[in-house]
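**Q** For reference, each letter of the sequence shown is one residue, going -27 to -1, 1 to 267 in mature numbering (1 follows the signal peptide of the UniProt record, and there is no 0). Glycine included, every Cβ here is placed at the ideal spot set by N, Cα and C. Please read these numbers as outputs of a predicted model, since none were measured by experiment.
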Amino acid sequence: MRKRTVLAWGVAIVCFVVLMLVTPAIPQSQEYHDFADQREFFGIPNTLNVISNFPFFIVGLIGLVLCYYKNYFKLSLQGELCGWTFFFMGVAAVAFGSSYYHLKPNDARLVWDRLPMTVAFTSIIAIFIIERVDERKGTLSIIPLLLAGAVSILYWRFFNDLRPYALVQFVPCIAIPIMAILLPPMYTHSTYWLWAAGFYLLAKIEEAADQPIYSLTHHIVSGHTLKHLCAAMVPVFLTLMLAKREVAEESRMCDADMLAIPMKNLYEEIIGSVYYRCGEIPEQGNANSVEFIN
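1) Under 8 Å by Cβ, that's how I've got S71 and N19 pegged, so tell me the actual separation to the nearest angstrom.
2) Name the DSSP beta bridge partners of I17, please?
3) In the DSSP output, what is V220 paired with across the bridge?
4) In whole angstroms, what separates the C-alpha of R130 from that of A93?
5) Could you tell me whether the region 165 to 181 touches the region 46 to 57, where touching means 3 or more Cβ pairs closer than 8 Å?
6) Could you pull the start and end residues of the alpha helix (DSSP H) that Y138 belongs to?
7) Please list the segments of the alpha helix (DSSP H) lying wholly inside the region 60 to 138, counting only runs of 4 or more residues, in order along the chain.
8) May I ask you to report which of helix, strand or coil DSSP gives F46?
9) With 16 as the cutoff for other CB atoms within 10 Å, does Q142 come out buried or exposed?
10) With H, G and I counted as helix, E and B as strand and the rest as coil, what does DSSP make of H6?
11) Within 10 angstroms of the Cβ of V64, are there 16 or more other Cβ atoms? Answer buried if so, exposed if not.
12) Drop a sphere of 10 angstroms on the beta-carbon of W(-19), count the other beta-carbons inside from all chains shown, and report buried for 16 or more, exposed for fewer.
13) Would you grab the beta carbon distance between V194 and F172 for me? Rounded to a whole angstrom, and I think it's under 8 Å.
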């Protein structure tokens, strides 16, 4: 198992190095800081882009409190508690970092906007590994993933290259829906993951359509402001999921049992179950007989 883990990390590192070698650098465009809605209300520059970050603080704080309040979320694994703690801390910190950036948008302040977001992104990946792949591997990956996110920010800031940060941001968008669909869940209410992913995708679309949305709404609201509100729905759905879900023990046991049955014995298992439920035991030598072992 350890060899597989080392091999997986090795393959990931090699792929990253190859990607960095064969793709051109992606510099930070200064046009990024030129948002459509630059109106000032009550003496606050870029008012709507600033105050629309407030929901992040509310949701992050609620999630953080519920993680520890009488184990409200029923987190059964220590790694889960650590991962969700980092996630909600990152979400709450987005409110401060993004507001600070939008008061006076520039590269130096953008660091504090992106840093808490990487904390949220990377902790979510670790949580998914814990829930869908392996508890120990996921727990051990929390700190390395958080460090990878921080390094991607520093790399962009010092080398003006967004490629590592782009990977940190977009890999979860691809990996999480795939894992949510393909890997068996530990808990119920897994569809909330897909709702969260959908709102994040909508947020990215609104971010790209900042000016068109501002024009379509007759300068009422910009795409970037809506992006903040939609992105804040991601932790909302995940908080609801944590509050409602239960350990899917029966589902997991059924899945594991079915996978453990060799295909050549599947027919006999089914026929035997039918006989057993009917209170009959098949005769020896019958073509459909099943040998019961108590």
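**A** In this structure, then:
1) Mapped onto the sequence shown, residue 71 falls at position 98. Mapped onto the sequence shown, residue 19 falls at position 46. S71 to N19, Cβ: 11 Å. No contact.
2) Here residue 17 refers to the residue found at position 44 of the sequence shown. The bridge partners DSSP lists for I17 are F14.
3) Taking the sequence shown and counting its residues from 1, the one referred to as residue 220 is at position 247. According to DSSP, which records beta bridges pairwise, V220 is partnered with Y160.
4) Mapped onto the sequence shown, residue 130 falls at position 157. Mapped onto the sequence shown, residue 93 falls at position 120. For R130 and A93, the distance between alpha carbons rounds to 19 Å.
5) Here the region 165 to 181 does not lie against the region 46 to 57, with fewer than 3 beta-carbon pairs under 8 Å apart.
6) Your numbering for residue 138 matches position 165 in the sequence shown. Run containing Y138: R136 to L155, per the alpha helix (DSSP H) assignment.
7) Fully enclosed alpha helix (DSSP H) runs of 4 or longer: 80 to 105 and 108 to 132.
8) Indexing the sequence shown from 1 puts residue 46 at position 73. Three-state result, F46: coil.
9) Position 169 of the sequence shown holds residue 142. Per the 10 Å Cβ criterion, buried.
10) The residue given as residue 6 occupies position 33 in the sequence shown. The answer is helix: DSSP assigns H6 an H, G or I state.
11) As a first step, residue 64 is located in the sequence shown; it is residue number 91 there, counting from the start. V64 comes out buried.
12) Counting from 1 along the sequence shown, the entry for residue -19 is found at position 9. When all chains shown are included, W(-19) counts as exposed.
13) As a working note, residue 194 is residue 221 in the sequence shown. As a working note, residue 172 is residue 199 in the sequence shown. That belief does not hold up - the Cβ atoms of V194 and F172 are roughly 17 Å apart, past 8 Å.
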